[in-house]
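S.K.: Numbering (mature numbering (1 follows the signal peptide of the UniProt record, and there is no 0)), first residue to last: -32 to -1, 1 to 111.
C-beta: ideal position from N, C-alpha, C; glycine also.
Please find one structure pasted underneath; my questions will follow.
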């Protein structure tokens, strides 16, 4: 059986189309599956009289979440406060993940051996976190 030029052209067109579609379909970053940290979560330990405050994904009821440049809200404020208290950054705790917050996250990522991408997520959450007094709200230490 002899192949005709038409079937070769069809095959070439199909291959080109598949290549174009592959370029359009891109995989989402791994952190995207966790969702954005839209709030903050206060974890109290009654016996110690201390608490932590973490960025939190309200919709998923999870501490597994991410923050990146352009995000706003309580999750960003919790992160900014912690960057100031445990890593000596001097950020405005304004709830806006701007250039200064991204730079501070990159600094921390370098200190803890995480991928330096300026995005707060699971890997970066391994950083030290401040413990605060339940009574006064003052920083107690960082762990």
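1) From what residue to what residue does the beta strand (DSSP E) around residue 90 run?
2) What do you get for residue 82, buried or exposed, if any count of 16 or more other CB atoms within 10 angstroms of its CB means buried?
3) Return the chain-ordered list of same chain residues with a C-beta closer than 6 Å to the C-beta of residue 86, the five sequence neighbours on each side being excluded.
4) Strictly by DSSP, which residues pair up with residue 25?
5) Excluding the 5 residues preceding and the 5 following residue 108 in the sequence, name in chain order all residues of the same chain whose CB lies nearer than 7 Å to its CB.
6) Less than 8 Å between C-beta atoms, sequence neighbours within five positions excluded: which residues of the same chain meet that for residue 52?
7) If you follow the alpha helix (DSSP H) that residue 110 is part of, which residue opens it and which one closes it?
8) Determine the burial state of residue 46: buried for a count of at least 16 other Cβ atoms within 10 Å of its Cβ, exposed for fewer.
9) Which word fits residue 110, buried or exposed, when buried means at least 16 other C-beta atoms lie within 10 angstroms of its C-beta?
10) Express the C-alpha separation of residue 13 and residue 93 in angstroms, rounding to a whole number.
11) Here's the rule I'm using: 16 or more other beta-carbon atoms within 10 Å means buried, otherwise exposed. How should residue 104 be labelled?
12) Just to confirm, is the Cβ distance from residue 55 to residue 89 under 8 Å?
13) For residue 48, collect the residues of the same chain with a Cβ closer than 7 Å to its Cβ; drop the 5 residues on either side in sequence, then sort them by chain order.
14) Alpha carbon to alpha carbon, what distance is there between residue 7 and residue 29?
15) State the DSSP-derived secondary structure class of residue 104, mapped to helix, strand or coil.
M.R.: Quick answer:
1) Note, residue 90: premise wrong, no beta strand (DSSP E); not H, not E.
2) buried
3) 70, 73, 74
4) 30
5) 18, 99, 100, 101
6) 58, 59, 61
7) That residue, residue 110, is in no alpha helix (DSSP H); its beta strand (DSSP E) goes 107 to 110.
8) buried
9) exposed
10) 19 Å
11) exposed
12) no
13) 59, 61, 69
14) 10 Å
15) coil
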